[in-house]
Structure formats: structure tokens, C-alpha cells
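S.K.: End of the sequence shown sits at 401 in the UniProt record's numbering; the numbers just go up one at a time, nothing left out.
Ideal placement from N, C-alpha and C gives every residue a C-beta, glycine not left out.
The structure is given below, and queries will be raised subsequently.
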Amino acid sequence: MTDLTVSRLLASVSESAPQAIDALAKLYSSQGRPVIAFGAGEPDFDTPAFITEAAKRAIDEPRNHHYSGPTGLPELRAAIAEYTSEYSGTSFSAADVAVANGGKQAIFNTLSAVLNPGDEVILPAPYWTSYPEQIKLAGGITVPVETDSESGYKTTVAQLERARTSRTKLLIFTSPSNPTGSVYTEDEIRAIGRWVTENRIWVMSDEIYHDFVYDAASFTSISRFVPRDQLIIVNGLAKSHVLTGWRLGWAISTPAVIEAVKNFQSHTTGNVSNISQRAALAALADDSDFPGQMRAVFNRRRLIAYDILQTVPGFVVPRPLGAFYIFPDVRAVLDGTLKLNGDPVTSTLQLSTLLLEEVDVAVVPGEAFGAPGHLRFSYALDDSQLVEGLERIRHFLARHF
Numbered sequence: 001m002t003d004l005t006v007s008r009l010l011a012s013v014s015e016s017a018p019q020a021i022d023a024l025a026k027l028y029s030s031q032g033r034p035v036i037a038f039g040a041g042e043p044d045f046d047t048p049a050f051i052t053e054a055a056k057r058a059i060d061e062p063r064n065h066h067y068s069g070p071t072g073l074p075e076l077r078a079a080i081a082e083y084t085s086e087y088s089g090t091s092f093s094a095a096d097v098a099v100a101n102g103g104k105q106a107i108f109n110t111l112s113a114v115l116n117p118g119d120e121v122i123l124p125a126p127y128w129t130s131y132p133e134q135i136k137l138a139g140g141i142t143v144p145v146e147t148d149s150e151s152g153y154k155t156t157v158a159q160l161e162r163a164r165t166s167r168t169k170l171l172i173f174t175s176p177s178n179p180t181g182s183v184y185t186e187d188e189i190r191a192i193g194r195w196v197t198e199n200r201i202w203v204m205s206d207e208i209y210h211d212f213v214y215d216a217a218s219f220t221s222i223s224r225f226v227p228r229d230q231l232i233i234v235n236g237l238a239k240s241h242v243l244t245g246w247r248l249g250w251a252i253s254t255p256a257v258i259e260a261v262k263n264f265q266s267h268t269t270g271n272v273s274n275i276s277q278r279a280a281l282a283a284l285a286d287d288s289d290f291p292g293q294m295r296a297v298f299n300r301r302r303l304i305a306y307d308i309l310q311t312v313p314g315f316v317v318p319r320p321l322g323a324f325y326i327f328p329d330v331r332a333v334l335d336g337t338l339k340l341n342g343d344p345v346t347s348t349l350q351l352s353t354l355l356l357e358e359v360d361v362a363v364v365p366g367e368a369f370g371a372p373g374h375l376r377f378s379y380a381l382d383d384s385q386l387v388e389g390l391e392r393i394r395h396f397l398a399r400h401f
């Protein structure tokens, strides 16, 4: 008899935990509960007016009413190449760029372009929740490399070398990091780049948070330290220009990878919405430093969150230097003292549920990022909500510890 169930591959894929938490928080809010959500991985700003106005004009332009190429509008590819060359310090051309329907599609497209079944991908943990699922969908095998709060959640060449095998095809490298907010130094990145180069593997550099670094930290692109024929960069404007809902990202790589991505995307989604592409062109042409304006706000909130979370009983809180997340180690409060429906709380999955049910605060458990015993807080929310939510948690745990 024909099997009418969903495929084993897609049945093995779980929903994005941050999106699931955010959806549940919104449901509870719609029911009148005073939920404060730290789960969403997006800025709490609106898309700037200079971008939305460009999109409105684009709607009325007949050239945008029809199909365009699967790798993106030529003028947008050129603008992305110039933008990336400027911030990374590595020169790129339009031919190196493929535009995608968001950063997620850019990652999946390029993984699909370079992975064969059984190829291994080294993935430092904690990691963004979608990486392992996309690796699996592309036929690869995730090889996690664990880090901890003592190292600032940063991996070393020695750890990477221990994880490398004859099947290693690619390293995914992210700095600044989601979920930890860690930022690698130039020397650390140079050493990892040298290791990648010597071992002739790919590196995928996810640079979506490159605009958001704080204190004395600075962004360094690993593209400066690896050969072009081993390099993939993925990026977009979702975080820097609040285009999360507009679904536009890109990949930069070799001619062979870009050609493969073009062919793949031509049979899946085709071109990215022309309206979103015109909006992206407006974003890249702007000289008002909108990302810098957001960065100043996020920096203030970062310091507020760090100061409060340091006072929470049992929390170990590394100081984040990038992105807009803070990632405390909370294993000390998972000793069973807390109870959820009468059961001892011994995991951050249980703890995140308890916090939502008891104090109406939504956070993402570390299990979603390959780091049980941790919680991710996004500080991309209003200052008053930020303080109120963290104080709720502090007071709740202070009653028990």
C-alpha cells in the first residue's frame, strides 16, 4: 500500500524554537496576559521611511511587475558587492553575488551547492537554531564543537582540529554570534582562517550581525584570511535595516557555487520579489547610518540587561560584545529546587516553560542552540519592558535561591 505520510526527511525537522516561543508569547498576549517576550531575533524598530517609500514607488513601476533573474537584479548584485567589499576589506564583484529570499534561503542554497550526502559540517556551539536542520536538509552531517561561558563561547583551532575528519567539508563561522553575542578578535579569526586554508575546506561566514559590535570589539571578516575558492559569505539587511519581513538576503562565493545556486533557485522560488530588491537598493544607497542609530540603542539596552542579569541568583553572565543577545549559563538553578507541575526543573526547556507560566516572561531555552543549561535573551525590546521582564525573573528566582 502507498505510504501517504510526510517524508522521513521533513518529519525529522523541528520548528524553529525562537519562532515557536515568539508565537506562543503573542498568543498569550492576545488572551490578555502581560507577556514580555525576549525571544524574537529581530530589531524592535520599523523599517525606515526612506526604504518603505522606495518600495511604494517600485510598486508603480511596470519593470517590477515581471520575472527577474534568479540571482537578483544586476544593479542590486553590484550594490551588494560594493557594500561587502567596503565593510569586509575584501574585494568582490556583482558576479560573486546571488540574492535570495532571506538569509535562511541563502544559507540553504549554498549548503545545497557544496554538500554531498554524508559530508560533515563543523559547527561551533552554541549555534543558531536553523543551522543543523539546514545541514540535514542539504544532506550533510552536523559535527558540533562545544564552547562555554569561560571561553566567551568561542572555539579554538585545537578544538576544530579535533573535530576534523576526512569527511569534513565545511566550517560554519559566525561573529558576532547569535545566540551568545560573542565576537572573535582579529587574531583569533586569522588563526581559524589559516586552519581553514591549510585543510582545504569551505568556510561559511555568516555576517548578518556585522553592524552590531560594542565596547572595544570590532568586526573582522574571515574573508581576509582564506582563499576565495574556499569562501562563502551569507548576509542580508534583516537586522541592519529591519527588513526581516521583506525576505531578502544574499550569498557571495565562487563562480561555480553562484552558478549552482542560480540553477537551484530557478527551480524553487525563482527571483526574489522585485519590490524587496528595490527596497534593498534604497537601503544600500542611504548614507544616514541607520544601523549606527540602532546600535547606540542596543548598546544601552545591552548594558541594562547585563547589569540586571548579573544579579539574578545562579546566573553566570558573560558580557556580550555583539549582536543583540545575552546568553547566561543558568545550570545552577536547575538542581530540582524549582517545580513545574510538581516535577523538578532540571532543564532549560522546563525553566523557560516555568518562567512563561509563572511570571509571563518568554525566553528561548539553550537546547534550541545546542547548549542545554543556558537561556537566550534578546534585548531588542523597549527599555521599560526589558527592565520589567528581567526584574520579574530576578524576583521570582530570588524567592527560591
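Taking the beta carbon of Lys-339 as the centre, do at least 16 other beta carbons fall within 10 Å, making it buried, or is it exposed?
M.R.: Exposed, because fewer than 16 other Cβ atoms sit within 10 Å of the Cβ of Lys-339.
S.K.: Can you give the beta carbon distance from Pro-43 to Met-294, rounded, assuming they're within the 8 Å contact cut?
M.R.: Between Met-294 and Pro-43 the Cβ distance is about 6 Å, and since that is below 8 Å, they are a contact.
S.K.: Please name the residue, chosen from Ala-380, Ala-100, Ala-78, Ala-125, that lies closest to Ser-273 on a Cα-to-Cα basis.
M.R.: The option with the nearest alpha carbon to Ser-273 is Ala-100.
S.K.: What is the DSSP secondary structure of Ala-217, reduced to helix, strand or coil?
M.R.: Three-state DSSP puts Ala-217 in coil, outside helix and strand.
S.K.: Tell me, please, which residues DSSP counts as bridged to Met-204.
M.R.: For Met-204, which the question treats as bridged, DSSP gives the partners Ile-172, Ile-232.
S.K.: Between which two residues does the beta strand (DSSP E) harbouring Ile-122 extend?
M.R.: Unbroken beta strand (DSSP E) run through Ile-122: 120-125.
S.K.: Under 8 Å by Cβ, that's how I've got Ala-55 and Ala-238 pegged, so tell me the actual separation to the nearest angstrom.
M.R.: At roughly 15 Å, the Cβ-Cβ gap does not stay under 8 Å, so Ala-55 and Ala-238 are not in contact.
S.K.: Would you give the residue range spanned by the beta strand (DSSP E) that Pro-179 belongs to?
M.R.: Segment: none, Pro-179 is in no beta strand (DSSP E) and carries neither H nor E.
S.K.: Shorter than 9 Å from the beta carbon of Ala-368 to some beta carbon of chain D?
M.R.: Included in the structure is just one protein chain, with no chain D present.
S.K.: Is the stretch 32-48 close to the stretch 386-393, with three or more CB pairs under 8 Å?
M.R.: Judged by Cβ distances under 8 Å, the stretch 32-48 makes contact with the stretch 386-393, as three or more pairs qualify.
S.K.: Mark Ala-79 as exposed unless 16 or more other C-beta atoms lie within 10 angstroms of its C-beta, in which case mark it buried.
M.R.: Flag for Ala-79 reads buried.
S.K.: Just list the residues that DSSP pairs Ala-98 with in beta bridges.
M.R.: DSSP, once it has assigned bridges, lists Ala-251 as partnering Ala-98.
S.K.: Determine contact between the stretch 324-333 and the stretch 301-311, defined as no fewer than three beta-carbon pairs at a distance below 8 Å.
M.R.: The answer is yes - the stretch 301-311 touches the stretch 324-333, with three or more Cβ pairs under 8 Å.
S.K.: Is the stretch 146-161 touching the stretch 105-117, taking contact as three or more C-beta pairs under 8 Å?
M.R.: Counting Cβ pairs under 8 Å, fewer than three are found: no touch.
S.K.: Alpha carbon to alpha carbon, what distance is there between Gly-292 and Arg-57?
M.R.: Rounded to whole angstroms, Arg-57 to Gly-292 spans 26 Å at the Cα level.
S.K.: Please state whether DSSP places Tyr-306 in a helix, a strand or coil.
M.R.: Tyr-306 falls in the helix class under three-state DSSP.
S.K.: If I measure Cβ to Cβ from Tyr-209 and keep anything under 7 Å in the same chain, skipping five residues before and after, which residues do I get?
M.R.: So the list reads Pro-176, Asn-178, Lys-239, Gly-322, Ala-323, once near-sequence residues are dropped.
S.K.: Tell me which same chain residues have a C-beta within less than 7 Å of the C-beta of Phe-290, skipping the five on either side of it?
M.R.: For Phe-290, where only same-chain residues beyond five positions count, the Cβ hits under 7 Å are Pro-48, His-241.
S.K.: Only counting the same chain, and skipping five residues up and downstream in sequence, which positions put a Cβ closer than 6 Å to that of Ser-85?
M.R.: If we look at Ser-85 and ignore the five residues flanking it on each side, its Cβ neighbours are Ser-91, Phe-92.
S.K.: Using a Cβ distance threshold of 8 Å, determine whether the stretch 357-365 contacts the stretch 307-322, with at least three qualifying pairs required.
M.R.: Verdict: no, contact absent.
S.K.: Are Ile-252 and Val-234 touching if we call contact CB-CB under 9 Å?
M.R.: Result yes, Cβ atoms of Ile-252 and Val-234 sit closer than 9 Å.
S.K.: On the three-pair Cβ rule with 8 Å, is the stretch 128-144 touching the stretch 160-174?
M.R.: Short answer: they touch.
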